[in-house]
Amino acid sequence: MSASTFVLVLDLLGTFVFALSGALVGVNKKLDLFGVLVLSFAAGNAGGITRDLLLGATPPPAISSWHYVVVSLGAGLLTFVWSPVVQRMQELISIIDAAGLALFAVSGATKAMDFHLNPLAAIMLGVLTGIGGGMLRDVLVSEVPTVLHADLYAVAALAGAAVVVGSYYLPLFTTTASLAGGVLCFAIRMIAIRRDWQLPKPHQPRDKNQPSPS
Amino acid sequence: MSASTFVLVLDLLGTFVFALSGALVGVNKKLDLFGVLVLSFAAGNAGGITRDLLLGATPPPAISSWHYVVVSLGAGLLTFVWSPVVQRMQELISIIDAAGLALFAVSGATKAMDFHLNPLAAIMLGVLTGIGGGMLRDVLVSEVPTVLHADLYAVAALAGAAVVVGSYYLPLFTTTASLAGGVLCFAIRMIAIRRDWQLPKPHQPRDKNQPSPS
Amino acid sequence: MSASTFVLVLDLLGTFVFALSGALVGVNKKLDLFGVLVLSFAAGNAGGITRDLLLGATPPPAISSWHYVVVSLGAGLLTFVWSPVVQRMQELISIIDAAGLALFAVSGATKAMDFHLNPLAAIMLGVLTGIGGGMLRDVLVSEVPTVLHADLYAVAALAGAAVVVGSYYLPLFTTTASLAGGVLCFAIRMIAIRRDWQLPKPHQPRDKNQPSPS
Chain A
1 MSASTFVLVL DLLGTFVFAL SGALVGVNKK LDLFGVLVLS FAAGNAGGIT RDLLLGATPP
61 PAISSWHYVV VSLGAGLLTF VWSPVVQRMQ ELISIIDAAG LALFAVSGAT KAMDFHLNPL
121 AAIMLGVLTG IGGGMLRDVL VSEVPTVLHA DLYAVAALAG AAVVVGSYYL PLFTTTASLA
181 GGVLCFAIRM IAIRRDWQLP KPHQPRDKNQ PSPS
Chain B
1001 MSASTFVLVL DLLGTFVFAL SGALVGVNKK LDLFGVLVLS FAAGNAGGIT RDLLLGATPP
1061 PAISSWHYVV VSLGAGLLTF VWSPVVQRMQ ELISIIDAAG LALFAVSGAT KAMDFHLNPL
1121 AAIMLGVLTG IGGGMLRDVL VSEVPTVLHA DLYAVAALAG AAVVVGSYYL PLFTTTASLA
1181 GGVLCFAIRM IAIRRDWQLP KPHQPRDKNQ PSPS
Chain C
2001 MSASTFVLVL DLLGTFVFAL SGALVGVNKK LDLFGVLVLS FAAGNAGGIT RDLLLGATPP
2061 PAISSWHYVV VSLGAGLLTF VWSPVVQRMQ ELISIIDAAG LALFAVSGAT KAMDFHLNPL
2121 AAIMLGVLTG IGGGMLRDVL VSEVPTVLHA DLYAVAALAG AAVVVGSYYL PLFTTTASLA
2181 GGVLCFAIRM IAIRRDWQLP KPHQPRDKNQ PSPS
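Chains as they are written, first to last, in our numbering: chain A, 1 to 214; chain B, 1001 to 1214; chain C, 2001 to 2214.
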């Protein structure tokens, strides 16, 4: 298996897992079959598609290559038919989801650097590639995107993307940096899940008269 | 009237009816005049605009040609002023809406094939052209898009787009295929309305202890 | 300071204030730090980014130039840390917000005319540049965008953009027209705030049996 085939396989695995998460949300919201498939595709591909639109790289591979479509819809169909089974595999899914996040963050940042964006923008597009699918998934079912208020998720993607972008200014091999970035993102995400790490929330001084939560 | 004028007229008619549906939602949600016009434009044009962005066909005709803008805002103004009249014409509107869906599905798939997308992607973009406007309309008023959970709507668009895309691999005239695809989409949609056809919903095994609906 | 530096400074000031409004919404919705920063960036830049995508001007400056990113995230951080202070400055913010709206409407319409759009489309893109950020901000927290149902906001942007576009057909200097358009937009917006001007809402004849509000 060549290097580019290996990356494609990883990319499709990430798409597949993200699509599973979209389909599960669709099933839980009692959407019909078509709705579940739309959420699968959105969750699996919206991050990469938005990145590509911003870069002017049209049509995005998620549309123009049939691999992504088939993988996304396959995940959606699977979940539609066997949602209880998929739901019982939540722990496995959250591990593969962390791997998908790592991969999307790294590949998104790399693609942005290849398009000669500045490093800050490349990091942002790496994060967007990782979280965009989940955001659209939640907006479509009229929920505030999970990534905006719960869990240490985006920060893991940020760290992974930053390592990749930083490596362009250091005497490092791209492959080494991609691997390091991906592993860092995956590790942060997994530890965050295990220890329930959260980002700080803003002070709410107007709630002072409520009973203190501690 | 030449063939291309005929298509433009049909396309504008579809835009007009979709814009009516957007304006009605805006009126029912008690938006102000501007809000109603935004929903008209979004419902009438978001599907085609998203397709064009994904294809890299910028600026989209819905923006660069004044026809679409005038037709959409006209529908919005009409509904704003005479919403009771428009509301009483629901049945007529649902018929023209089915025609609009047929037309958008066929024209969207055709445009995608002209941009050399693969057949699967072309069918998806046909469906997106047909349903994208209604989806943005619903998201903007903070509702889960109707097309994701109720009614056989997207499947009609899918069938129409599939016929058009399939015809590229058969010794068929494009005009014949477009017509066949359009008629098929329209027919499925109308029958679905009459018989209240629905797509299957996922099993909800956790609701077992609730009284069975049958 | 050269003219283009002056415009950049104004543009960044507008972005900063819009980003403040996004961050405040995020704080009030109890998002975490990352969520607040996403809302800052979205509110400050989504209008301009959408305009640029529609024009095919990719990558949008809001992504490719680090100025906008830094200014948006700075506003978000500030608000996250000192949200009570920012909240007490609401009046000052609403004044700078009106200035930002004026600036975005004028610059958006100008950019659209430079891309040879028709006048109607250029006015629309001017308005979109002014209101798009606030709309995405509200959609992301699952609210109907404020601009669609409350306050005379979009009309101010419309007036400003229309003056700029109109000047292309008159023997006027662009600078004069930009200034006139900006001042008109700012003035309408400020008077609307002071006098609580609203756009008309649709008649709701079905509510007849409710007590009349007058």
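Just so you know, even glycine gets a beta-carbon here, dropped at the ideal spot from N, CA and C.
Predicted model, so just to flag it, every value in this text is computed and none were measured.
Proximal residues to residue i (C-beta, below 6 Å), its chain only, five neighbours per side dropped
{"i": "residue 2132 of chain C", "result": "2046, 2047 and 2050"}
{"i": "residue 2190 of chain C", "result": "2098"}
{"i": "residue 1125 of chain B", "result": "1051, 1108 and 1112"}
{"i": "residue 1083 of chain B", "result": "1027"}
{"i": "residue 1010 of chain B", "result": "1103"}
{"i": "residue 2062 of chain C", "result": "2045, 2048, 2049 and 2068"}
{"i": "residue 16 of chain A", "result": "71 and 75"}
{"i": "residue 1018 of chain B", "result": "1043, 1044, 1100 and 1133"}
{"i": "residue 2014 of chain C", "result": "2100, 2103 and 2104"}
Under the three-state DSSP convention, the category residue i falls into
{"i": "residue 2047 of chain C", "result": "helix"}
{"i": "residue 2012 of chain C", "result": "helix"}
{"i": "residue 2067 of chain C", "result": "helix"}
{"i": "residue 2201 of chain C", "result": "coil"}
{"i": "residue 111 of chain A", "result": "helix"}
{"i": "residue 2028 of chain C", "result": "helix"}
{"i": "residue 2117 of chain C", "result": "coil"}
{"i": "residue 122 of chain A", "result": "helix"}
{"i": "residue 187 of chain A", "result": "helix"}
{"i": "residue 2058 of chain C", "result": "coil"}
{"i": "residue 196 of chain A", "result": "coil"}
Residue environment, residue i, which counts as buried when at least 16 other CB atoms sit within 10 Å
{"i": "residue 1060 of chain B", "result": "buried"}
{"i": "residue 2092 of chain C", "result": "exposed"}
{"i": "residue 2141 of chain C", "result": "buried"}
{"i": "residue 41 of chain A", "result": "buried"}
{"i": "residue 2196 of chain C", "result": "exposed"}
{"i": "residue 1206 of chain B", "result": "Here the model assigns residue 1206 of chain B a pLDDT of 48, short of 50, so the residue's position is not dependable, and the following value carries that caveat. Exposed, since its Cβ has fewer than 16 Cβ neighbours within 10 Å."}
{"i": "residue 1153 of chain B", "result": "buried"}
{"i": "residue 1170 of chain B", "result": "exposed"}
{"i": "residue 2202 of chain C", "result": "buried"}
{"i": "residue 1175 of chain B", "result": "exposed"}
{"i": "residue 2034 of chain C", "result": "buried"}
{"i": "residue 173 of chain A", "result": "exposed"}
{"i": "residue 1005 of chain B", "result": "exposed"}
{"i": "residue 2081 of chain C", "result": "exposed"}
{"i": "residue 1036 of chain B", "result": "buried"}
{"i": "residue 1085 of chain B", "result": "exposed"}
Contacts around residue i, its chain only, beta-carbon distance under 8 Å, and the 5 residues preceding and following it disregarded
{"i": "residue 2181 of chain C", "result": "2102, 2105, 2106, 2109, 2159, 2160, 2161, 2162, 2163, 2164 and 2167"}
{"i": "residue 55 of chain A", "result": "111, 112, 115, 117 and 125"}
{"i": "residue 1008 of chain B", "result": "1067"}
{"i": "residue 12 of chain A", "result": "67, 68 and 71"}
{"i": "residue 1095 of chain B", "result": "1190"}
Neighbourhood of residue i by C-beta, 7 Å cutoff - its chain only, sequence neighbours within 5 removed
{"i": "residue 2145 of chain C", "result": "2134, 2135, 2138 and 2139"}
{"i": "residue 2025 of chain C", "result": "2039, 2137 and 2141"}
{"i": "residue 2186 of chain C", "result": "2098, 2099 and 2102"}
{"i": "residue 2211 of chain C", "result": "The pLDDT assigned to residue 2211 of chain C is 43, lower than 50, so where the model puts this residue is not dependable; a value taken from the coordinates is nonetheless given after this. Nothing meets the Cβ criterion."}
{"i": "residue 87 of chain A", "result": "24"}
{"i": "residue 157 of chain A", "result": "101, 105, 126, 127, 130, 131 and 185"}
(message) Please give the ranges of any beta strand (DSSP E) in the stretch 2133-2180 of chain C, keeping only runs that are unbroken, at least 3 residues long and fully inside the region.
(response) none
(request) May I have a chain-ordered list of the alpha helix (DSSP H) segments no shorter than 4 residues that lie completely inside the stretch 2068-2108 of chain C? (result) Taking only runs of at least 4 residues, the alpha helix (DSSP H) segments lying wholly in the stretch 2068-2108 of chain C are 2083-2088.
(request) Report the residues of the stretch 80-104 of chain A with a CB closer than 7 Å to any CB of chain E, ordered along the chain. (result) In summary, chain E is missing from the structure at hand, where the protein chains are A, B and C.
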